[in-house]
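Scroll down for the structure; my scribbles are underneath it.
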DNA sequence: GATGGCCATTGAACTAGGACAAGAAATGGG
DNA sequence: CCCATTTCTTGTCCTAGTTCAATGGCCATC
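Protein chains in written order, with our numbering: chain A, 1 to 194; chain B, 195 to 388.
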């Protein structure tokens, strides 16, 4: 039941026997059907969730109504709008399940409790956020400097399982270009490779 | 001497009387002249520095030799390559002083010591990184969705003091376009406003 | 007061990617 | 199994931003 999340925890920090039960007692199990919004723009984020099964994306919508996918999250990832969650202020993001999901959820109260009762998790969350930040720094750099072809090739190399799980236009919105253009990029690659 | 950093700490966490002296004893004071590289690509980052005075940027260089500025940091900000620092692995970044600086520095050992002896700082660093992450998420979204004019206007509104302190082509490299184009954007704005 | 090196500006020609439109292919719910 | 809807493809035209090159301003230094 808790194998996946326990393994995740142990990957980042060393825990005493007392710590994991504290976590387990605070996690709330949820099953969520696909196409469900876990968070909408304007709402305050009350969820920080570990994905046991399924696929989720979070995205923004700009003033012209087009979407930018910030992240795809699958098994063994956490999803949240961390800024909205931490400060309990309105979010700019949407979080949507792309498949039926099973989640382990924290809310602001239970996360608070967790960090009080098992402070070692403070370190885990710090390291998680640091990795996230480092990844996003790289991605910003890549977004600015590379071409569409390079971005796409890097994406399928880095996240080889995602294209099989999500619709192509979501990938376009992650990469920052139009669905039509992604399609053209793909035919170009197909033609040049055979 | 420690006023600025103490105030910074108190903005994010509540400390006991014992905590700040621990921090003070571990910080190393450094004066660094302008145009100094604190970190170069390929090196392992050994510094996490609080800027007491001065201006610093960190940037990447892509395979064609052009620079992308990830961040300008001024008084009351921290600079580091957090991924390289945490894992002691080679960095992809450059960190360069743009003005003469006075810094309070941690290295991997002293930061470790700090987090052991005054664990409340674990929380401070987590919250710092979270804010950084949230800001970068916004920026990625903006980079993808907005025009050069919008990016520039947002920049000067958000960081009004930076344009007076750094050369214009650094700002272009932050915004993700060529120096020539930034110049054109500025004349366009100038003409349309008077 | 001259000189050299950076920096910003301007212009012209070019290109990556977008917007729009129309059709084809897949998917899924009844 | 069929129809409706979503998703993907292809083509044409268009624009935001790039690259390259030339010019001139602004220092710092001797």
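Cβ atoms here follow ideal geometry from the backbone N, Cα and C, with glycine treated the same way.
This one's a predicted model, so the numbers in the text were calculated from it and none came from an experiment.
Item                                                                                                                              : Value
Alpha helix (DSSP H) runs contained entirely in the region 197 to 258 of chain B, provided each spans 4 or more residues          : 197 to 206, 213 to 220
Three-state secondary structure assigned by DSSP to residue 122(A)                                                                : helix
Selection of the region 207 to 224 of chain B by Cβ proximity to chain A, strictly under 7 Å                                      : none
Contact under 8 Å by Cβ, residue 233(B) with residue 288(B)                                                                       : yes
The alpha helix (DSSP H) enclosing residue 365(B), as first and last residue numbers                                              : 362 to 369
8 Å Cβ cutoff met for residue 120(A) and residue 13(A)                                                                            : yes
Element boundaries [beta strand (DSSP E), containing residue 344(B)]                                                              : Premise fails: residue 344(B) lies in the alpha helix (DSSP H), 342 to 352, not in any beta strand (DSSP E).
Backbone CA spacing between residue 89(A) and residue 308(B) [nearest angstrom]                                                   : 31 Å
The region 126 to 143 of chain A: positions lying closer than 8 Å to chain B by Cβ                                                : 126, 127, 129, 130, 131, 132, 133, 134, 136, 137, 138, 139, 140, 141, 143
Straight-line gap, residue 215(B) to residue 239(B) (C-alpha atoms, nearest Å)                                                    : 25 Å
Buried or exposed (CB count within 10 angstroms, at least 16 for buried), residue 151(A)                                          : buried
contact_flag[the region 159 to 176 of chain A, the region 69 to 81 of chain A] where n(CB pairs < 8 Å) is 3 or more               : yes
Range covered by the alpha helix (DSSP H) that runs through residue 297(B)                                                        : Residue 297(B) -> not in any alpha helix (DSSP H); beta strand (DSSP E) instead, spanning 295 to 300.
For residue 88(A), the first and last residue of its enclosing beta strand (DSSP E)                                               : Residue 88(A) -> no beta strand (DSSP E), and no H or E assigned at all.
Separation of residue 1(A) from residue 259(B), as counted between CA atoms                                                       : 50 Å
CB of residue 182(A) within 8 Å of CB of residue 164(A), strictly                                                                 : no
Counterpart residues of residue 288(B) in DSSP-defined beta bridges                                                               : 253(B)
Close Cβ partners of residue 106(A) (< 6 Å) along its chain, the five nearest in sequence each way excluded                       : 48
Reference residue 77(A), options 50(A), 32(A), 132(A), closest by Cα                                                              : 50(A)
Nearest-angstrom Cβ-Cβ length linking residue 295(B) and residue 250(B), presumed shorter than 8 Å                                : 6 Å
Residue 313(B): contacting residues in chain A (beta-carbon distance under 8 Å)                                                   : 119, 122
Cut-off 6 Å between Cβ atoms - residues of its own chain near residue 33(A), not counting five sequence neighbours on either side : 100
Reference residue 116(A); option with closest CA among 138(A), 166(A), 80(A), 23(A)                                               : 23(A)
Terminal residues of the alpha helix (DSSP H) in which residue 205(A) lies                                                        : In this structure chain A extends from 1 to 194, so residue 205(A) is not present and cannot be described.
Whole-angstrom distance between residue 92(A) and residue 60(A), CA atom to CA atom                                               : 7 Å
C-alpha distance - residue 221(B) paired with residue 304(B), whole-angstrom precision                                            : 8 Å
Extent of the continuous beta strand (DSSP E) run through residue 75(A)                                                           : Counting along the chain, residue 75(A) falls outside any beta strand (DSSP E), and DSSP gives it neither H nor E.
Chain B contact for residue 86(A) (CB, 8 Å cutoff)                                                                                : yes
Rounded distance between the beta-carbons of residue 136(A) and residue 336(B), thought under 8 Å                                 : Rounded, the Cβ-Cβ distance is 13 Å, inconsistent with contact.
Chain-ordered chain A contacts of residue 254(B) [CB-CB under 7 Å]                                                                : 141
Interface flag, residue 341(B) vs chain A, CB-CB below 8 Å                                                                        : no
Given residue 189(A) as reference, the closest of 3(A), 41(A), 153(A) once Cα atoms are compared                                  : 153(A)
Counterpart residues of residue 273(B) in DSSP-defined beta bridges                                                               : 243(B)
Exposure of residue 7(A), with buried meaning 16 or more beta-carbon neighbours within 10 Å                                       : exposed
Local Cβ density within 10 Å of residue 290(B), reported as buried at 16 or more and exposed below that                           : buried
For residue 11(A), the nearest candidate out of 171(A), 123(A), 140(A), 74(A) (CA to CA)                                          : 123(A)
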